[in-house]
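What follows is a set of notes on a single structure, which appears directly below.
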Amino acid sequence: MYVRPDPYLTSDAVFGVKDSLIESLGKVSSQEAKEYGVEEGTALITRDFVLVSNEETEKLRDSNALKAMAILFPGKKTKLLDHLPVPDLD
69 MYVRPDPYLT
79 SDAVFGVKDS
89 LIESLGKVSS
99 QEAKEYGVEE
109 GTALITRDFV
119 LVSNEETEKL
129 RDSNALKAMA
139 ILFPGKKTKL
149 LDHLPVPDLD
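What follows is the structure, encoded as C-alpha cells:
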C-alpha cells in the first residue's frame, strides 16, 4: 500500500505503484478513539481486504499458468502436473 500524498509515488523504481494500492490518510474519530483506545485525530487508513481460500487460489494460479503457456507456445497442448504447466505430449 502507498499513502497519498507521498512525493515518491511517481518515482517508483519497480513500478509497483498502482491506483488500487494508493490510499489517503484519514483521522480517527472520537467514537473510533474510544472504541479502539487511541487518540482522536490519529492518522488512519481504512482498507478492505478480501481473503480467498486455497482452492480459489489454486484455480486462479492454474488458469493463469495455462493462459501464459498458450501465449508462449500457441497451438501446443499443455497440462498441469502438481499445478505446474508442462507440455502435453500425449
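Under our numbering, the letters of the sequence shown match residues 69 to 158, in that order.
Note that CB positions come from ideal geometry on N, CA and C, so glycine has one too.
Predicted model only: the values in this text are computed from it and were never measured.
Sub-8 Å separation of S92 and R72 beta-carbons | Here residue 92 refers to the residue found at position 24 when the sequence shown is read from its first residue. Here residue 72 refers to the residue found at position 4 when the sequence shown is read from its first residue. Their beta carbons are under 8 Å apart, which means S92 touches R72 by this criterion.
What does DSSP give as the partner residues of R25 in its beta bridges?
-> This structure gives no information on residue 25, because the portion of the chain shown stretches from 69 to 158.
Which same chain residues, not among the five before or five after E107, have their C-beta less than 8 Å away from its C-beta?
-> Start at 1 with the first residue of the sequence shown, and residue 107 comes out as number 39. Excluding sequence neighbours, E107 sits near V96, A101.
In the structure shown, what three-state DSSP assignment does E124 receive?
-> Counted from its first residue, the sequence shown places residue 124 at position 56. Residue state for E124 is assigned as helix, using DSSP reduced to three classes.
K147 lies in the beta strand (DSSP E); which residues open and close that run?
-> Here residue 147 is taken as the residue at index 79 of the sequence shown, counted from 1. Looking at the DSSP string, the run of the beta strand (DSSP E) that includes K147 is 146-149.
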